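Report on one structure; see the data block that follows.
In my numbering, the protein residues as written are 368 to 485.
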């Protein structure tokens, strides 16, 4: 089993930046991709973006392209979410997730809170 732990959340002013980290441990060799979702109070969980471990290809929610970027450090088994030009509507709990090839997102971290003040 893979365990995921997010970190890096906090309070930031609108226009600022944050970098979230997702550290993976356990059977990480079985992981095909790692993704980020977010969930704001009273709203459904929303896809942010994802990265494939082999090759590093990424994809993002259309609304976040250009502001958010995902990268990985294979040696540290860590995935990063760089968030720039943050807006109050980016306020949410950000969750890291992982999946095996051909399967659904099935492994989740506990999340880290991001709050953007206006």
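Where is the CB? At the ideal position from N, CA and C, for every residue including glycine. In this text, all values refer to a predicted model and were calculated from it rather than measured experimentally.
Please report how far the alpha carbon of residue i lies from the alpha carbon of residue j, in whole angstroms.
i, j, result
"residue 408", "residue 415", "16 angstroms"
"residue 369", "residue 483", "30 angstroms"
"residue 404", "residue 412", "7 angstroms"
Locate the beta strand (DSSP E) running through residue i, then write down its first and last residues.
i, result
"residue 480", "479-484"
"residue 456", "Counting along the chain, residue 456 falls outside any beta strand (DSSP E), and DSSP gives it neither H nor E."
"residue 388", "385-393"
"residue 368", "Here residue 368 belongs to no beta strand (DSSP E), and DSSP marks it neither H nor E."
"residue 405", "400-406"
Report all residues from its chain with a CB closer than 6 angstroms to the CB of residue i; omit the five preceding and five following residues, and keep chain order.
i, result
"residue 485", "381 and 455"
Measuring alpha carbon to alpha carbon, tell me which of the options ends up nearest residue i.
i, options, result
"residue 458", "472, 379 and 373", "379"
"residue 391", "440, 451 and 432", "440"
"residue 421", "374, 479, 371 and 399", "399"
"residue 453", "371, 467, 377 and 373", "377"
"residue 466", "478, 442 and 417", "417"
"residue 468", "401, 481 and 433", "401"
"residue 419", "475, 372, 477 and 464", "464"
Which same chain residues end up closer than 8 angstroms to residue i when comparing Cβ atoms and leaving out the 5 residues on each side of it in sequence?
i, result
"residue 444", "390, 391, 392 and 395"
Item to complete: Report yes or no: do the stretch 415-431 and the stretch 374-390 share at least 3 C-beta pairs separated by less than 8 angstroms?
Response: Taking a cut-off of 8 angstroms on C-beta distances, the stretch 415-431 does not touch the stretch 374-390, as fewer than three cross pairs fall below it.
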